[in-house]
Structure formats: structure tokens, C-alpha cells
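Chains as they are written, first to last, in the working numbering: chain X, 405 to 537; chain Y, 19 to 377. Ideal Cβ positions, reconstructed from N, Cα and C, are used throughout, including at glycine. Owing to the predicted nature of the structure, the values given are computational and were not obtained by experimental measurement.
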């Protein structure tokens, strides 16, 4: 048994650099695969509703008639499930956390602008592929 | 005999990170009996299993606990895999082992910090959490989440770790271990820590066994129970032995956790050395039909996930038994006869995780 076992570490901490970041003056640490918040590319969403079906928190609502994609940021558990199942990869995971809520509701509504391309008269192979997706 | 009074402890108390209520029956300053009451943060996660498809329930199983989340997800997946007779690739087993051990490191460091805080050693508390940050950074880099990893799925794991990153992880462990040794020295050899913890909240070996203690609480009383020895994930191919300290007091339980930090580092090193190349997941076809009790070793002790499928995408029943619940009778035993001033330290010494316990 001994006294002052902590002294060495304490002196090191006093003389060394701070262990924490000076946030917000220094940006928070993120990695390329960090899960921050879900983002959608409204121009390529085909309203298939897979993200809505596979969301374990029931945070996503896809309305085919009104062409809207709604996410409740307060319900979303940022699990990456929707990003994984999206067949056209229009959902992506941003590495930065969504900002703090200032209202009671965390609903964010996006208007889907995707227009199904009309069947071209002369079909070449690349167009066919697009239609299938 | 002096007059008995009942003193409430919790649900809101500076030492408790989560709500649990204890009615302490006191005679002067001595605790003669304890009546625990739980149920403040019950969320009904087990019944949610009937409303979510079984592959998506992994995310919910993981969120049962905010500390040992990966192990919850893994245990649930193991259960489903056994019901469906899925053979998980070897590499996935090793990756699961690596992440489990990082979870254990992070959980034990968190607890050691809180414990230091409970006995009034603020400097040590900050130091433990500084080391924990290293573990969380590795977690985020390899899985994408600091605390909720989300990298386990039925049939394997979602993410692979590159050879380069694995090698760097192994290199970084050296510096991390050195820092931990300095910190462990304080927990194990400093006189002020020892005089606060020695002989406090003694749980005899027989009592620990009878009360069904689990994890470090049992091992701190000399009961060598460690579910990792039962060969799940890749533990069967790794060489380690459970840390057992026979004294049964708060100091012993603290020592068990400190020793486990180093055994976890050793397990991670072995896993990185032995990890085979290959697939990380297999495709899952069909629905689970049958039942299974899946067991694993959480940082706090034995965790049991019971799953029962009925041939549909939705499970019929899920049941989670967490180590904190089994440690409550031991806690009552420890508290009987102790001084009122020792109650916070003893309550924390079983590492109560109430979110887990009440699900």
C-alpha cells in the first residue's frame, strides 16, 4: 500500500495538453462511417416505402399520393436500417449530428421531386436499366 | 433495541446514474434491512418483439442497454441463429468477440470512473473516463457508433474491419494499456482507495452462490462463473481465464473489474492475431420457428435472451434476463449490517444498470 499513487498521473495531466477538445472552436471528431443523421436526395426517391417498412422506430412516413417523405428526427434512432434497404440509394447517412430541436415536433417534410421517365421510343440498353430500378 | 426508521434512498440520488428506489430500515446509523423497488423506467421492449420483424428487432435489442449494447444485439442474434440453424462465418465470430471486448473495456472504465466518483476521488474519475474515450473512438471508427454500435445482424456482422485498421488497433492498445496500468495502480494499491473499500459490503461465497450473483459480483466473492468459458462467439479458441478475487468486499469487486480490463486487452490481441479471412455474413432465408435460450457474458454478468419464433417474420416471445436483476438479492444481503455512509459505495459496487434491468 502506498499514498499519492495518483500524483504522477495528476502532475502529467496538469503539465500536459488538455484531454478534451475545445468544442465548438475545434470541430467535433467524426469518422467517415459515423452515424449522424439521415439525409434524402428527393430527386431520386421512387416512393417505394421500403425505408418506412424497415424502420424499427417507425420514424419515417412515405406518402405516395402527396409525394412527401417525412422523418421524425425525435423518433429516429439513427440505426442506418433505411440507408441499407433503399433500392435506389437516395438515402445517405450524414456524419454530423442533426441540430438540437427548437420546437416540440421533430417532423421534417421533404417533397419528392422524382419524375418517372417516360418510355422512350428508341430504347437503348442504359435507359432500360434505369426503368427497371 | 433502538428505534427503527425507514429512510428512502433514490430514485434520484447523486450516486445513481439511473433510478432505483431502496427503502433503508435503519437502527441509528446501521442498515438492518433493505426493501428495493424497481419499475421506474420500464419501456416494454420485450413485447415490442411482436410488432417488429425479427431482423429489425436487433436494433431494439441493442438499445435495451446504453452501455453493453453490442452484447445485447449479439446475444439476440445468436438466439435467432440457433433457432434457424444458421452457421455464422468464422470471421464474424472473431469480429463479434473483438467488439464485445471493447464494450467490456468501455463499460468497466465507465464503472470505475463512477465508482471513483462515489468514493469522492474526482481526479481518478476523470482519468478513467479519459481512457474510456480511446475505446469509444475505436468503436466509432470501426462501427460508426460510439455507444450504440449497430454492427451485429442475424447471420453475421454488418461491417468488416480492414487488416490495416486491425493492425493499428493492436499497436494503439500498447499505449492504452500503459495508461491503464497507471490507473489500475491507483485502484489496487492506493491507501485512500483501499481504506474506503476494504471490508465494506462483504458478500460471502456461499451467499453469492445462494443469491444467484452474476458476473464480477460473483467473481469478487470467489465464485468462478464466467459465461465466456462456455464457448460462444470465438471465445472457445482463445486462451483466457476468469479473474476471481475471494474477499467478497467492494475492494474485491473493484479488483475483479480492473483485472478484467487487462484480460479483455489480451483477448482483443489474440483475436486480432488469429482472425481468419473470409465472409462476414451469410444470407438469411426463412423465418425462425422454435425457441432458444441464448447466453453471454455482459460486463455485469450473465445475460440471457430467450427467443421464440412461430414461423412468421414476427417472433412470438422474447424475454431478456439481465445481470443487474439477479444481483439485486446479493445487494440486499450486502447492505444488511452496513453503515448508512457506505450505502452509495455498496450500491454502485454491483454496477447497477437499471435501464437494462427494467427493459
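Cutoff 7 Å; reference residue 100 of chain Y; Cβ partners in own chain excluding five residues on either side: Against the second chain, residue 100 of chain Y aligns to sequence position 82. Shown here for residue 100 of chain Y: same chain residues with a beta carbon closer than 7 Å to its own, the five before and five after excluded, namely 310, 312 in chain order.
Those residues which DSSP pairs with residue 307 of chain Y across a bridge: Translated into the one-based positions of the second chain, residue 307 of chain Y becomes position 289. Paired residues: Y:328.
Under 9 Å (Cβ pairs) to chain X, residues found in the segment 154 to 174 of chain Y: So the list reads 155, 158, 159, 160, 161, 162, 163, 164, 166, 168, given in the order they occur along the chain.
Under 8 Å between C-beta atoms of residue 538 of chain X and residue 472 of chain X: No information on residue 538 of chain X is available, as it lies outside the stretch 405 to 537 that chain X covers here.
DSSP three-state assignment for residue 411 of chain X, whether helix, strand or coil: To locate residue 411 of chain X, count along the first chain from 1; it is residue 7. In the structure shown, residue 411 of chain X adopts helical secondary structure according to DSSP, grouped into three states.
Counted within 10 angstroms of its Cβ, other Cβ atoms place residue 341 of chain Y as buried (16 or more) or exposed: Locating residue 341 of chain Y in the second chain gives position 323, counting from the first residue. When all chains shown are included, residue 341 of chain Y counts as buried.
Cβ pair count under 8 Å reaching 3, the segment 241 to 253 of chain Y against the segment 210 to 222 of chain Y: No: fewer than three Cβ pairs fall under 8 Å.
Cutoff 7 Å; reference residue 70 of chain Y; Cβ partners in own chain excluding five residues on either side: Your numbering for residue 70 of chain Y matches position 52 in the second chain. Setting aside the 5 residues that flank it on each side, residue 70 of chain Y is surrounded in the same chain by 78, each with a C-beta closer than 7 Å to its C-beta; the list follows chain order.
Length of the line joining the Cα atoms of residue 502 of chain X and residue 496 of chain X: Numbered from its first residue, the first chain carries residue 502 of chain X at position 98. Numbered from its first residue, the first chain carries residue 496 of chain X at position 92. Cα atoms of residue 502 of chain X and residue 496 of chain X: separation of roughly 13 Å, rounded to the nearest angstrom.
Helix, strand or coil at residue 48 of chain Y according to DSSP, with G and I counted as helix: Along the second chain, one-based indexing puts residue 48 of chain Y at 30. Residue 48 of chain Y carries a strand assignment under DSSP once its states are collapsed to helix, strand and coil.
In DSSP terms, what residue 174 of chain Y is bridged to: In the second chain, counting from the first residue as 1, residue 174 of chain Y sits at position 156. As computed with DSSP, residue 174 of chain Y is found in a beta bridge with Y:171, Y:299.
Boundaries of the alpha helix (DSSP H) in which residue 336 of chain Y is found, first to last residue: Here residue 336 of chain Y corresponds to residue number 318 of the second chain, with the count starting at 1. Where residue 336 of chain Y is concerned, there is no enclosing alpha helix (DSSP H), although the beta strand (DSSP E) it sits in stretches over 333 to 339.
DSSP-derived helix/strand/coil call for residue 524 of chain X: The residue labelled residue 524 of chain X in the question sits at position 120 within the first chain. Three-state result, residue 524 of chain X: coil.
Sequence-distant residues of the same chain with beta carbon closer than 6 Å to residue 112 of chain Y, five excluded per side: Numbered from 1 along the second chain, position 94 holds the residue referred to as residue 112 of chain Y. The answer, listed in chain order, is 252, 289, 293.
Inter-residue spacing [alpha-carbon to alpha-carbon] between residue 493 of chain X and residue 456 of chain X: Counted from its first residue, the first chain places residue 493 of chain X at position 89. Counted from its first residue, the first chain places residue 456 of chain X at position 52. Cα to Cα, residue 493 of chain X sits roughly 14 Å from residue 456 of chain X.
Interface residues of chain Y facing residue 412 of chain X [CB-CB closer than 8 Å]: Position 8 of the first chain, counting from 1, holds the residue named residue 412 of chain X. Neighbours of residue 412 of chain X on chain Y, chain order: 200.
Length of the line joining the Cα atoms of residue 67 of chain Y and residue 326 of chain Y: Residue numbering aside, residue 67 of chain Y sits at position 49 when the second chain is read from its first letter. Residue numbering aside, residue 326 of chain Y sits at position 308 when the second chain is read from its first letter. Distance from the CA of residue 67 of chain Y to the CA of residue 326 of chain Y, rounded to the nearest whole angstrom, comes to 10 Å.
Three-state secondary structure (DSSP) of residue 82 of chain Y: Taking the first residue of the second chain as position 1, residue 82 of chain Y is located at position 64. In this structure, residue 82 of chain Y counts as coil in the three-state DSSP scheme.
Residues near residue 285 of chain Y by beta carbon distance below 6 Å, same chain, minus five either side: By one-based count along the second chain, residue 285 of chain Y stands at place 267. Within the same chain, residue 285 of chain Y has close Cβ partners 119, 256, 258.
DSSP bridge partner residues for residue 43 of chain Y (one or two, in chain order): Your numbering for residue 43 of chain Y matches position 25 in the second chain. Beta-bridge partners of residue 43 of chain Y (DSSP): Y:24, Y:51.
Within chain X, the residues that residue 78 of chain Y reaches when beta carbons sit closer than 7 Å: Reading the second chain from its first residue, position 60 is the one you call residue 78 of chain Y. Neighbourhood of residue 78 of chain Y in chain X, by CB distance below 7 Å: 460, in chain order.
Chain X contact for residue 323 of chain Y (CB, 8 Å cutoff): Mapped onto the second chain, residue 323 of chain Y falls at position 305. Residue 323 of chain Y does not count as touching chain X.
Beta carbon of residue 344 of chain Y nearer than 8 Å to that of residue 319 of chain Y: For the purposes of this step, residue 344 of chain Y is taken as the residue at position 326 of the second chain. For the purposes of this step, residue 319 of chain Y is taken as the residue at position 301 of the second chain. Against a cut-off of 8 Å, the Cβ pair of residue 319 of chain Y and residue 344 of chain Y comes out as a contact.
Beta-carbon separation (whole angstroms), residue 174 of chain Y vs residue 107 of chain Y, contact threshold 8 Å: Reading the second chain from its first residue, position 156 is the one you call residue 174 of chain Y. Reading the second chain from its first residue, position 89 is the one you call residue 107 of chain Y. Rounded, the Cβ-Cβ distance is 6 Å, consistent with contact.
Residue from X:442, X:430, X:438, X:518 whose Cα sits closest to the Cα of residue 470 of chain X: Looking up residue 470 of chain X in the first chain gives position 66. Ranked by Cα distance from residue 470 of chain X, the first of X:442, X:430, X:438, X:518 is X:518.
Proximal residues of chain X, C-beta to C-beta of residue 148 of chain Y below 7 Å: For the purposes of this step, residue 148 of chain Y is taken as residue 130 along the second chain, with counting starting at 1. Those within 7 Å of residue 148 of chain Y in chain X are 423.
Rounded C-alpha distance that separates residue 74 of chain Y from residue 498 of chain X: Here residue 74 of chain Y is taken as the residue at index 56 of the second chain, counted from 1. Here residue 498 of chain X is taken as the residue at index 94 of the first chain, counted from 1. Put simply, the backbone Cα of residue 74 of chain Y is about 21 Å away from that of residue 498 of chain X.
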